[in-house]
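For the sequence shown, position 425 (counting from the first letter as 1) is numbered 425 according to full-length UniProt numbering, and the numbering increases by one without interruption.
Quick reminder that beta carbons are idealized off the backbone N, C-alpha and C, glycines included.
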Amino acid sequence: MTNLQIQLSWEDPATGERREPNLSVPIAFGREFARLPAELRGKRVARMLLNSNEVSRYHALIDCEQNQLVVIDQGSVNGVFVNGQRQMRSALTHGDTLQIGPYMMTVTFGINATTQATSPPSMIQFNPNTNLPDPSLPAPVQPVSPVGSTFPPAAFQAEKVVVQALHATGLPVDECDYLSIGGGLGSFVWVDLLRISGVRADRIVALGLEGEPYARYKRLCLNSQIPLYERLRSNSDSCPDNIWGWPSYALREAWHDLNKGQPNSTLKYLWQVFAEPTFAETYTPRAGNVFDSIDREVKRINWNQIYRYGRVRAIRKTDDGRYCVAYSRGPGDYAFLVSRYLHLATGYPAIQFLPDLQAYREKYQDFKSVVNAYEAHDHVYEQLERQGGTVLIRGRGIVASRIVQRIYEARKRNQNITVLHLMRSPKPQGNKFQKSQRLVKNHYEFQPFNWPKACWGGELRVLLENASPEERQRLLADWGGTTTADRHDWQQITEQGLKEGWYQITFGQVLGVEQDAQKRTITHIQEKGLGEMKLAADFIVDATGLDAKVEANPLLADLVKHYKLPLNYLGRLVVANNFELVEMRSNKGQMYAAGAITLGGPYAAVDSFLGLQYAALVAVDGLAAARAPGVNQLNTVTSFQQWLKWVFNQSP
């Protein structure tokens, strides 16, 4: 066991993304790289940086003692847990769960030789700037592929594009003051605030692929089994159509039900808002109500005049201090847009799909048995209701909870449906920050929203804004994690399923997925204490989430490479506290970003309704400070005037 190599697998506490480094023993864990030993008994030590305030400076060591792998607590404050039990010194075996702070790791032996595993230990030290092993740093990003042989033109290879060269191409060149790229909810919220702040609609353009700003979000909701009458995981006063947040969704829904002669539900909604979350379940709005309210605001701000269909290919600075966007309006129809102020709100570029499930689909070309929760997969529930069957669920967050509820509803039509919920490891306790700790039941970690509520506008927001990049990394790890809403109906479904036997939770590491002679999926897992097991299922649903890394978006990857933009430790764009990309300033031109592509910066809940509004608010404040044309700083009087216009549905 002198040259033992192991794999440690975990989900990043802030994003839920997988980390699976292969490391050579000894391995030191801690939150300060300089405090971790570089050598031990003449051997190089693999130093793993875990950025969390729950992790001590030098927290633990994995080493070999008498041909046995052991983990040793180095006098940490919060301890080392092996399979849920606190240990000062403990032997580790294949499949054990090792918890250090919010990091829940699975220990795997017998790793095949890989680039990481065959590298000397000094080459697999964790980089303190990325929190990733050096050999697994992302490969250089390739430039965006041109659509045709001449587009984007050669002029786009320059650091600053000459505007005259654009006109010389003979392609259409339009100009505007404000341009948002994405055309989704992030763009809509930014445009809405610009309009409220006095900017005319004819000075703004939003480029995107769908006319309804919520089109993609709505599709993801429907695919993940959240129909229009179901409730979103969002707050009552997080209103994309109403920057003031009043009247809130709860008040609007209460007024609607009161007019319908339903006083009981009216009182229920009002009680929820005043008593949540201690005495009542947190209020969340119905999906259909949110989309209807956005439709109203779309008409009020003349969104249809602002929105243009376009697939953006590249972004460059211009020689006159602005920005140029090369985009296609359709097959063979290319154009340019030049703008002084540019806003990036591209959202999640891709669905995150587990590698073993992707390998299964590629091998068997089976796109019906193995699905992602964010893909259209209604055929799964239709077949279950007709024929019954077994569903294997991967992931245990909010989407997994909704999938379980949908299957529970299907069982009302057909009792011959069973659920196998595969989790990598048990969840004995929830994440904690200072004296607060999340509730855990049946290995689900509960929290009303995906971040603690104070991250939106309370003391945690201020704490994160004032923190250094290293401190932000630790804070996001402590606040993050895979959580689901603390809803009583979901907890009752889980309890009932476990009691009746149709819902089963299994722990294990997936070794591979294959198809048997009956066209069923067979998942091979390594289960702690039981060796290798096979889980047969008619369907597998991947509920592990979405991918927001910059490298997954060709447009952003090209921008980052061309201008050598820095990325934060999560692989997202580095933004200032007002969400400006400072490195992209172009004379008087300014570029801002919003949404998931900025996670790791000054704000935690960047992909929420209220998070998008906050990013727009501070960005437009920055534009007002820069005396951007048409932007008026809102004050008490002007804000109240604009709110009255919103109430009476008048154009800003």
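Segment limits, beta strand (DSSP E) that includes residue i
{"i": "I493", "result": "That residue, I493, is in no beta strand (DSSP E); its alpha helix (DSSP H) goes H488 to E500."}
{"i": "R340", "result": "D333 to L344"}
{"i": "F579", "result": "Counting along the chain, F579 falls outside any beta strand (DSSP E), and DSSP gives it neither H nor E."}
{"i": "C324", "result": "Y323 to G330"}
{"i": "A593", "result": "Q590 to A593"}
{"i": "C176", "result": "V173 to G182"}
{"i": "T106", "result": "Y103 to T108"}
{"i": "N22", "result": "N22 to S24"}
{"i": "D558", "result": "It is not in any beta strand (DSSP E) - D558 instead sits in the alpha helix (DSSP H) that spans P554 to Y563."}
{"i": "K534", "result": "G531 to A537"}
{"i": "T284", "result": "Where T284 is concerned, there is no enclosing beta strand (DSSP E), given that its DSSP letter is neither H nor E."}
Contact check, residue i vs residue j, beta carbons under 7 Å
{"i": "K588", "j": "G182", "result": "no"}
{"i": "L106", "j": "T97", "result": "The displayed chain sequence assigns Thr, not Leu, to residue 106. Yes; because the gap between Cβ atoms is below 7 Å, this pair is in contact."}
{"i": "S76", "j": "V82", "result": "no"}
{"i": "S339", "j": "Y323", "result": "yes"}
{"i": "P240", "j": "V189", "result": "yes"}
{"i": "A537", "j": "T521", "result": "yes"}
{"i": "V205", "j": "L179", "result": "yes"}
{"i": "A14", "j": "G347", "result": "no"}
{"i": "Y283", "j": "S238", "result": "no"}
{"i": "S608", "j": "V399", "result": "no"}
{"i": "N568", "j": "P602", "result": "no"}
{"i": "Q473", "j": "N51", "result": "yes"}
{"i": "E382", "j": "N414", "result": "no"}
{"i": "A314", "j": "P152", "result": "yes"}
{"i": "L166", "j": "F336", "result": "yes"}
{"i": "L40", "j": "P26", "result": "yes"}
{"i": "G95", "j": "A345", "result": "no"}
{"i": "L171", "j": "Y364", "result": "no"}
{"i": "M104", "j": "S436", "result": "no"}
{"i": "I243", "j": "A287", "result": "no"}
{"i": "L612", "j": "L535", "result": "no"}
Residue range of the alpha helix (DSSP H) that includes residue i
{"i": "G352", "result": "What sits at residue 352 in the sequence shown is Gln, not Gly. That residue, Q352, is in no alpha helix (DSSP H); it is neither H nor E in DSSP."}
{"i": "residue 654", "result": "Beyond the ends of the chain as shown, which are 1 and 652, falls residue 654; an answer cannot be given."}
{"i": "Q415", "result": "Where Q415 is concerned, there is no enclosing alpha helix (DSSP H), given that its DSSP letter is neither H nor E."}
{"i": "R86", "result": "Unbroken run through R86 is the beta strand (DSSP E), Q85 to Q87; no alpha helix (DSSP H)."}
{"i": "W479", "result": "P469 to W479"}
{"i": "T636", "result": "T636 to V647"}
{"i": "H167", "result": "V163 to A168"}
{"i": "D295", "result": "A287 to R300"}
Residues near residue i by beta carbon distance below 8 Å, same chain, minus five either side
{"i": "R487", "result": "E281 and S401"}
{"i": "V440", "result": "K427, P428, Q429, G430 and F446"}
{"i": "R572", "result": "A548, K549, V550, A596, I597, T598, L599, G600 and G601"}
{"i": "A624", "result": "S197, V631, N632 and Q633"}
Cβ separation of residue i and residue j, assumed to be a contact under 8 Å, to the nearest whole Å
{"i": "V541", "j": "I403", "result": "6 Å"}
{"i": "P285", "j": "Y229", "result": "Wrong, their Cβ atoms sit about 11 Å apart, outside the cutoff."}
{"i": "N87", "j": "D73", "result": "The amino acid at residue 87 is misidentified as Asn; the sequence shows Gln. Indeed they touch by this definition, with Cβ atoms about 7 Å apart."}
{"i": "A593", "j": "Y341", "result": "That pair is no contact at about 12 Å."}
{"i": "P349", "j": "A552", "result": "4 Å"}
{"i": "I525", "j": "L610", "result": "About 39 Å; that fails the 8 Å criterion."}
{"i": "K317", "j": "S586", "result": "4 Å"}
Residues of its chain near residue i, where Cβ-Cβ distance is below 7 Å and the 5 sequence neighbours each way are ignored
{"i": "E54", "result": "N78, G101, P102, K432 and D478"}
{"i": "P652", "result": "R195, I196, I301, Q642 and K645"}
{"i": "Q405", "result": "W490 and I493"}
{"i": "E32", "result": "R57"}
Own chain residues within Cβ distance below 6 Å of residue i, not counting five before or after
{"i": "G16", "result": "T482 and G545"}
{"i": "E175", "result": "V338"}
{"i": "A28", "result": "L36, P37, V45, R47 and L61"}
{"i": "residue 653", "result": "Nothing in the structure corresponds to residue 653, since the chain is present only between 1 and 652."}
{"i": "E527", "result": "G508 and M533"}
{"i": "E253", "result": "Y269"}
{"i": "E297", "result": "D241"}
{"i": "G397", "result": "T482 and T484"}
{"i": "L69", "result": "L92"}
{"i": "T118", "result": "Because the pLDDT at T118 is just 31, under 50, the model does not fix this residue reliably, and the point stays unresolved."}
{"i": "W456", "result": "A605 and L610"}
{"i": "G148", "result": "Annotation note: pLDDT 43 at G148 (below 50); position unreliable, coordinate value reported separately. There are no such residues."}
Neighbour flag for residue i against chain D, beta carbons, 7 Å
{"i": "P21", "result": "As a matter of chain content, chain D is missing from the structure shown, which is built from one protein chain."}
**Request:** Evaluate the contact criterion for the region 372-383 versus the region 489-504: three or more CB pairs, one atom per stretch, below 8 Å.
**Result:** Contact fails between the region 372-383 and the region 489-504, because fewer than three Cβ pairs, one in each stretch, are under 8 Å apart.
**Prompt:** With a cut-off of 8 Å, do at least 3 Cβ pairs link the region 566-582 to the region 151-161?
**Reply:** Output reads no: the region 151-161 does not touch the region 566-582.
**Request:** Say whether the region 200-217 touches the region 303-311, bearing in mind that this needs 3 or more beta-carbon pairs closer than 8 Å, one atom from each stretch.
**Result:** Contact between the region 200-217 and the region 303-311 is present: three or more C-beta pairs spanning the two stretches fall below 8 Å.
**Prompt:** Between the region 385-392 and the region 407-424, are three or more C-beta pairs nearer than 8 Å?
**Reply:** Counting C-beta pairs closer than 8 Å gives three or more between the region 385-392 and the region 407-424, which meets the contact rule.
**Meets three-Cβ-pair contact criterion under 8 Å: the region 343-357 and the region 508-515** = Yes, since at least three Cβ pairs between the region 343-357 and the region 508-515 fall closer than 8 Å, the two stretches touch.
**the region 456-466 touching the region 617-624, judged by at least three CB pairs closer than 8 Å** = With the rule of 3 Cβ pairs closer than 8 Å, the region 456-466 does not count as touching the region 617-624.
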